[in-house]
Every structure is written in structure tokens, then in C-alpha cells.
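Here the structure comes first, spelled out in C-alpha cells, and everything after it is commentary.
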Amino acid sequence: MATGAARRGGSRLAKQFADKLTLSSSVGVQNGGAMGSPWGMQGLGATNEVAPFGARAASNQAVRNRMRSVKNIQKITMAMKMVAASKLRTVQVKAENSRGLFQPFTALLGDAPAIMGNKTLVVTLSTDKGLCGGINSTVVKYSRSLLKLNQLNGEGQDTKFVIVGDKGKAQLQREYKKHISTYITETQKVSINFTQCAMIADEIIKSSEYDVIKVVYNKFNSAVSFLPTVATLLSPEMLAGEEAQKIGDLESYETEGAETQGEVLQNLAEFQLASVLYNAMLENATSEMGARMSAMDSSTRNAGEVLDRLTLSYNRSRQASITTELIEIISGAAALEG
Amino acid sequence: MDTFRLRVIAPDRIIFDSRAAEVILATNTGLVGILPNHAPLLTGLDIGILKIRTNELWSVVAVMGGFAMVHDNDITILVNEAENAKEINLQEAQEIFQLTQTKVSQADGRKENIEANLNLKRAKARLDAIQEGIKEGTAS
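Residue numbers (the numbering used here), protein chains in the order written: chain A, 7 to 344; chain B, 370 to 509.
Set out below in C-alpha cells:
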């Protein structure tokens, strides 16, 4: 009890010592050597070497505060990781189920990423929330290079952006404000469904003329691998054109329903845009959850490491102050006797 | 018996993926029946019912528009939304149908009119599906 009281009083004393670095180190070395205490040499001298990220050693109280905040951060990032993991499971199932929807279109109309038109629309899918790793930057990088590629191709090129998501909007509007045709945000307030994508597809078709649409998104490969992907969709006019006909299979089909092939192509192209958008949005959402999970996981681990280092330095300085006190008391007692 | 491969795909799930002997589609201009070895065909589907025959049993599905592609004994049907007749309750379908009918008569203005008519078509498709299903004995 007495020692406990002394220790508590001692921490106040130790603070004074900790502030005067050179003095404390010399005291530690002398008395440590004399007393043969196991922490002697390292006692106060250690306060020097563990001074974290700054010239002065932090006081005990400050280190304790820092430890508490780092521990809180660790808890928060751990919780965010769990939330992302559970959301990942639901969206992943939906994304995999939606893959079957747009594949028949590729089988029917062919896939022609090399065909370039005069008017290109780049639909960039990004996330609304942050803390999800680098997936937004990759999508923006690809969109930017698509624009530059088109600009290199000639004067008549007109490329416009349709940006889905706040993060993509923030990054692209700085440089390419005049190229942006539409923003679409807060798509995940209700869970992604086909009706929503049909509306977005409608909006895109109404608001701009285009020859080629390129949808840029992150395809979900696995929980650690997200591949940036570009899906190419041609407008009805381009589909009827020569190049597309060579690749696709459309010619061999008759059309029922007393519609001209032009009308059928129009309907088909709209439906294709909605299906591809639906799949792309789901894949991007799944990639977002996966990226957030791994980002929060590494964040939790880093917080743990910082916490370990801080704990070590805190314990060392605590033990050093106790040692100082003991030395004080003992040398005082020895002085009295002798 | 001759069969073809039939896939009916909705955005959120696969409704049917197996072999069938005959399928009846509701296109924009009426009902079309497809038998094995049909010529390649591409058609848009209206809001209506889809009937699939496997082994003398007809199953009925209410579909809300889409596309059908027939090629080389392989039929792919993509729909916006679909409901199997087995999952539809007759009572409920009738009530909804009557509700939408009154809404159409009350509709005011072009946009409301179009919306109300669309809902009526959808309710009618569901009702037709369950009624056909009962007739064919595959739904109750």
C-alpha cells in the first residue's frame, strides 16, 4: 500500500525527470549500475530512444491517451470490416446471378471493343463512400485514358462522361468538367435492382447522342482481386452498320412481330444497355465491399502494430519512473542511516 | 421425343434452364408457338404469359416484357420480371386486377393514364397466368 502510494506520487516526480532528458539519463545510468537493477540501464535512458515521432518523449498521460484513441480506431475499423463482409455476401450472389443476363446479347450481337465511333459516351462506375482502397482511382484512370485515346484519334472525336458515384465525380470534375454529361449519385440507398438500371439506361439514351458506350467498372474476381473492365456497347445505328454485322450473328435471324429490323435493334440496344449496366453496377458494388474489407483489415492490423509499440514505450517509461522512485527512497534511507 | 434447350432468365434469377418440347410466347402482335427445329427468330415480348410444355405438362409464367432468341434448337428468353403461376394466389390476383381497373378509370392526365394502363396489363398477365395454370392443372 505504501509502495503503491509512493508509486502514484512517483509518477508525478517521474514526469519532471522525463522532461529533462539529459539529466534523467545520467541519473538512470549511475543508479542503475550501482543498484544492479535489471531495468537500471534501460530505465530512463530508454525514454530517449523510444521518443515516438518527435524530439521530446511523450509523457505517460499523453501516451495513454494516444493508446486509447488507437484502440478505438482499431475497434471501428474492425467493425467496418465485418459490415463490409456481410454486405459482400448478399451482393456477390446478386452479381453472379446477373451475369447470365447480358451474355446472350454478346452471343447475338458480338463483342467489338475495337470499333470506334465519332461520339463516345464513357460511363464511369464509382462508389459513393470512401475507405475502399484504390478501386475508384483505377476506374478514373481508365476513363481518363479512354478520353485521351479518343482525342488522339482525330478532330471529330467527341467524348462525354456519365459518372455514377460521388468519388468518381470528385476526381473527374476537376479536370474534365466540360466533358461531363450527367452525374448519378446515391444509387445504393435502395439496393440495386433492374428497374433502377433501366431508368438510368433510359436517362443515358435520352440525354445524349452516341455511337459507342463504354462502361468502366471493377469486375469482381475474388475477395482480393478486382479487375478494371470496360464493356463496349454499340448504338442501334452502329449495330446495323457493316463492321458490327460481320462480328455479330444478327443477320441469320428472322424477326417476328411486324417490326422492322431497325426497331428491333433499337429495343435490343436499350435492353442490352440496361442489362449490362445492371451487371456492371452489381460487380462494382461487390468489388467495393471486397476492397473495403481488405482496406479495413490492413487498417486494423496497422492499428494493432501501433498499439503494440505504444504499449511497449508506455510500459518502459512507467517502469523507469518506478525505478527512479525506488532509488530515491532507498538512497534517502541509506543517507539517513549512514 | 424432340426437345430443345430453353433458358428463361430474369435479372435477379434464372427461371428455367432445361429442355422443353414446346413454348408459347406472347409477342407484340400475338401468341407465337415454337416447336423444335424452328427457324432462327428474334422477337420482342409483350407483358403477358409464357407457357412451357415439358412431357405433356404445361407450366405457366407471367412475364413483364423482354426478348426471345431462337437459334439452332436453343431458345433464350430474357425478361424484365417474371412470376411462376404456382407462386400466384388466385384471390390476390383478382383483387389486384380489380384495383388496377378502377385506377385506370380514375386516371387523370396522360402520364397517369399510361402508368395505370401498364399496371392493368401487369395485373391481367398475373391473373391470366394463374387461371391458365389452374386450367392446365399445374397450379392451384
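Ideal placement from N, C-alpha and C gives every residue a C-beta, glycine not left out. Source: prediction; values computed, not measured.
Range covered by the beta strand (DSSP E) that runs through residue i
i	result
B:N453	451–453
B:G402	399–403
B:A395	391–396
B:D443	443–448
B:K420	410–423
A:A118	Taken as a continuous stretch (DSSP letters only), A:A118 belongs to no beta strand (DSSP E), as it is neither H nor E.
B:S428	426–440
Interface partners of residue i on chain A, CB under 8 Å
i	result
B:F345	Only positions 370 to 509 of chain B appear in the structure, and residue 345 of chain B is not among them; the question remains open.
Residue i at chain B interface by Cβ criterion, 9 Å
i	result
A:S281	yes
A:H104	Residue identity check: residue 104 of chain A is Ser in the sequence provided, not His. Yes, A:S104 counts as interfacial toward chain B.
A:Q270	Reading the sequence as shown, one finds Val at residue 270 of chain A and not Gln. Chain B contact via Cβ: present.
A:L274	yes
A:K100	yes
A:N142	no
A:N290	no
A:P110	yes
A:A204	yes
A:A57	Confidence at A:A57 is low in this model, with a pLDDT of 44, below 50, so the placement of that residue should be treated as unreliable; the coordinate-derived value is given next. Judged by the 9 Å Cβ criterion, A:A57 is not in contact with chain B.
A:F277	yes
A:G60	Its pLDDT being 42, under 50, A:G60 is placed unreliably in this model, and the coordinates cannot settle the point.
A:Q194	no
Buried or exposed (CB count within 10 angstroms, at least 16 for buried), residue i
i	result
B:F373	buried
A:S231	exposed
A:M88	exposed
A:I336	exposed
A:L158	exposed
B:P380	buried
A:S197	exposed
A:T193	buried
A:R298	buried
A:M7	Because the pLDDT at A:M7 is just 44, under 50, the model does not fix this residue reliably, and the value given afterwards should be weighed accordingly. Counting Cβ neighbours within 10 Å, A:M7 comes out exposed, since fewer than 16 surround it.
B:N415	The sequence given here places Asp at residue 415 of chain B; Asn does not occur at that position. The residue is buried, with at least 16 neighbouring Cβ atoms inside 10 Å.
A:L155	exposed
A:T235	buried
A:S228	exposed
A:S293	buried
A:L342	exposed
A:T266	exposed
Per-residue contacts from residue i into chain B (C-beta, under 8 Å)
i	result
A:K225	Ordered by position in chain B, no residue passes the 8 Å Cβ test against A:K225, which lies about 17 Å from the chain.
A:L114	L411, M438
Residue i at chain A interface by Cβ criterion, 9 Å
i	result
B:V392	no
B:R374	no
B:P405	no
B:R382	yes
B:N449	yes
B:G435	yes
Run of the alpha helix (DSSP H) containing residue i, from where it starts to where it stops
i	result
B:A462	459–475
A:S132	Taken as a continuous stretch (DSSP letters only), A:S132 belongs to no alpha helix (DSSP H), as it is neither H nor E.
A:M73	66–115
A:D314	267–343
A:Y148	141–158
A:K166	Here A:K166 belongs to no alpha helix (DSSP H); instead the beta strand (DSSP E) covers 164–170.
B:A485	479–505
B:A379	Element bounds for B:A379: n/a, residue is neither H nor E.
A:E243	242–246
9 Å Cβ cut-off: residues of chain A touching residue i
i	result
B:N486	Per Cβ cutoff of 9 Å: no residues; B:N486 is ~18 Å from chain A at best.
Contact set between residue i and chain B, taken where Cβ atoms lie within less than 7 Å
i	result
A:Y284	P380
A:L245	Residues of chain B passing the Cβ test: none, with the nearest at roughly 12 Å.
A:L107	I378, P380, L447
Chain-ordered neighbours of residue i on chain A, where CB pairs are closer than 7 Å
i	result
B:I445	For the sequence presented, residue 445 of chain B should be read as Thr rather than Ile. Within chain A, the residues near B:T445 are P110.
Under 9 Å from the C-beta of residue i: neighbouring residues of chain B
i	result
A:F200	A379, P380, D381, N449, E450
3 or more residues per run - each beta strand (DSSP E) lying fully within the region 199–232 of chain A: Listed in chain order, they are 218–228.
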